[in-house]
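Residue numbers (our numbering): 877 to 1312.
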């Protein structure tokens, strides 16, 4: 039974702060992108993916990912004071990158990347001084969670080198493949890997075929992480057949994952209850499928265009490139993490600890019926608005693109209201119980 408490624990306070800041960052990124579509302002076009990946990308791995890892290995203690410093540091990085892009100060961009690299090195050092490689490899989900942090370090390295390349374009010291596009691509990988680990940990927790699922996700770890690394290599060397081969292998893997999860979801809903978090995760996988499909189309049309060339695809096919990136950013990543938030945040705040996440009640009906119904309405509007964004790119219609972006941002921001109402209700219930 959940214990009753009137005042928040340090863990609860930092979780609430993470929740508020991270959701606000995603919503602000969506609003900036929409404003860019309405106004045609190049600064707004450039800044919104930086806000998303520097803000949410770092917060999700430094804080949220740590909760998931510590749930499995409690020796990786969550330090609320340190996590609060992470939040403040990421907010400072957001201010720095905004000034750097607006003023066109590439050295400040490089300094922001270096600062974030130093920030991420702390959790990495804690992980590898606390857990042995054997212990990491023993738990499939922990493999995903640890590689998240490694890929985040690499993404921040990409920001650092991108700033240096922009500051000294004629030096030749920075490799040709360091571009803004490759930085955004690299920043999406840690978030994608984190979702994969979460799907394994929680989605199939009650499955009767747990051992089979473990084997398949272990295999998928090598295919997905290895495939991503190989894919980067074949892009850099411009090997067209290699790009097509690897991208199709990953596409078929995503199709298998999507089909398997849809079947699992059908059985879960039939036997248990309609959990909105699982529906968000399924929608995220569907948009990952769309991301993969747009990616393959992108590869087809970049044939003959060297990596690092701008624009990275034929100008009349840029809608494919933008659809690929936004299906990943607004779709796969955002939908999936909202689903994860609907499970993880209530679990922590109801107990003031990670215990419920470690138990068989992680997928229980923690939220009341009204909150869950509102979550499904939120999901429906997000699906419509994200489809509107993709149609806006295809039709080259800035009004549709901007309008859909505004609706999407409002839907993301609604998460603050929907879950905070539930938290306040829990507080009132606690106080009423003590009063009696």
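Ideal placement from N, C-alpha and C gives every residue a C-beta, glycine not left out.
Where the alpha helix (DSSP H) containing residue i begins and where it ends
{"i": "residue 1231", "result": "1231 to 1234"}
{"i": "residue 1013", "result": "1009 to 1014"}
{"i": "residue 1263", "result": "1245 to 1271"}
{"i": "residue 1064", "result": "1056 to 1074"}
{"i": "residue 1159", "result": "1152 to 1177"}
{"i": "residue 1124", "result": "1116 to 1147"}
{"i": "residue 1340", "result": "Beyond the ends of the chain as shown, which are 877 and 1312, falls residue 1340; an answer cannot be given."}
{"i": "residue 1220", "result": "1210 to 1227"}
{"i": "residue 936", "result": "Per DSSP, residue 936 belongs to no alpha helix (DSSP H) and is neither H nor E."}
{"i": "residue 1199", "result": "1194 to 1202"}
Burial state of residue i, where buried means 16 or more other Cβ atoms lie within 10 Å
{"i": "residue 1222", "result": "buried"}
{"i": "residue 918", "result": "exposed"}
{"i": "residue 1142", "result": "exposed"}
{"i": "residue 1272", "result": "exposed"}
{"i": "residue 1055", "result": "buried"}
{"i": "residue 1086", "result": "exposed"}
{"i": "residue 1135", "result": "exposed"}
{"i": "residue 1065", "result": "buried"}
{"i": "residue 1209", "result": "buried"}
{"i": "residue 1192", "result": "exposed"}
{"i": "residue 1251", "result": "buried"}
{"i": "residue 1207", "result": "buried"}
{"i": "residue 916", "result": "exposed"}
Beta-carbon spacing of residue i, residue j below 9 angstroms
{"i": "residue 1101", "j": "residue 1157", "result": "no"}
{"i": "residue 990", "j": "residue 962", "result": "no"}
{"i": "residue 1163", "j": "residue 1132", "result": "no"}
{"i": "residue 1280", "j": "residue 1291", "result": "no"}
{"i": "residue 1161", "j": "residue 910", "result": "no"}
{"i": "residue 1230", "j": "residue 1074", "result": "no"}
{"i": "residue 899", "j": "residue 927", "result": "no"}
{"i": "residue 1335", "j": "residue 983", "result": "Absent from the model: residue 1335. The displayed extent of the chain is 877 to 1312, so no value can be given."}
{"i": "residue 1170", "j": "residue 1199", "result": "yes"}
{"i": "residue 1256", "j": "residue 1284", "result": "no"}
{"i": "residue 1077", "j": "residue 1017", "result": "yes"}
{"i": "residue 997", "j": "residue 1029", "result": "yes"}
{"i": "residue 1000", "j": "residue 1025", "result": "yes"}
{"i": "residue 1317", "j": "residue 1057", "result": "This structure cannot speak to residue 1317, because the chain is shown only from 877 to 1312."}
{"i": "residue 1020", "j": "residue 1097", "result": "yes"}
{"i": "residue 948", "j": "residue 1015", "result": "yes"}
When the options are compared against residue i, the one with the closest alpha-carbon
{"i": "residue 1095", "options": "1125, 947 and 945", "result": "1125"}
{"i": "residue 937", "options": "1248, 1216, 1193 and 888", "result": "1216"}
{"i": "residue 1265", "options": "1282, 1044 and 1067", "result": "1282"}
{"i": "residue 1008", "options": "970, 1209, 952 and 959", "result": "952"}
{"i": "residue 955", "options": "1192, 885 and 1207", "result": "885"}
{"i": "residue 907", "options": "930, 920, 1244 and 1159", "result": "920"}
{"i": "residue 977", "options": "1018, 1123, 1121 and 1042", "result": "1042"}
{"i": "residue 887", "options": "1073, 1227 and 903", "result": "1227"}
{"i": "residue 1033", "options": "985, 1262 and 1005", "result": "985"}
{"i": "residue 894", "options": "1247, 913, 923 and 942", "result": "942"}
{"i": "residue 1275", "options": "889, 903 and 913", "result": "913"}
{"i": "residue 980", "options": "922, 1289 and 1052", "result": "922"}
{"i": "residue 891", "options": "1113, 1225 and 1202", "result": "1225"}
{"i": "residue 1118", "options": "1174, 1173 and 1107", "result": "1107"}
{"i": "residue 1196", "options": "993, 1212, 1166 and 1239", "result": "1166"}
{"i": "residue 1176", "options": "1123, 965 and 1061", "result": "1123"}
{"i": "residue 1242", "options": "1068, 1116 and 1152", "result": "1152"}
{"i": "residue 950", "options": "1127, 1245, 1006 and 1144", "result": "1006"}
Per-residue DSSP class, three states only, for residue i
{"i": "residue 980", "result": "coil"}
{"i": "residue 1019", "result": "helix"}
{"i": "residue 917", "result": "coil"}
{"i": "residue 1238", "result": "coil"}
{"i": "residue 1291", "result": "helix"}
{"i": "residue 1047", "result": "coil"}
{"i": "residue 951", "result": "coil"}
{"i": "residue 885", "result": "coil"}
Minimum Cβ-Cβ distance from residue i to chain C less than 9 angstroms
{"i": "residue 1023", "result": "The structure shown has no chain C; it contains just one protein chain."}
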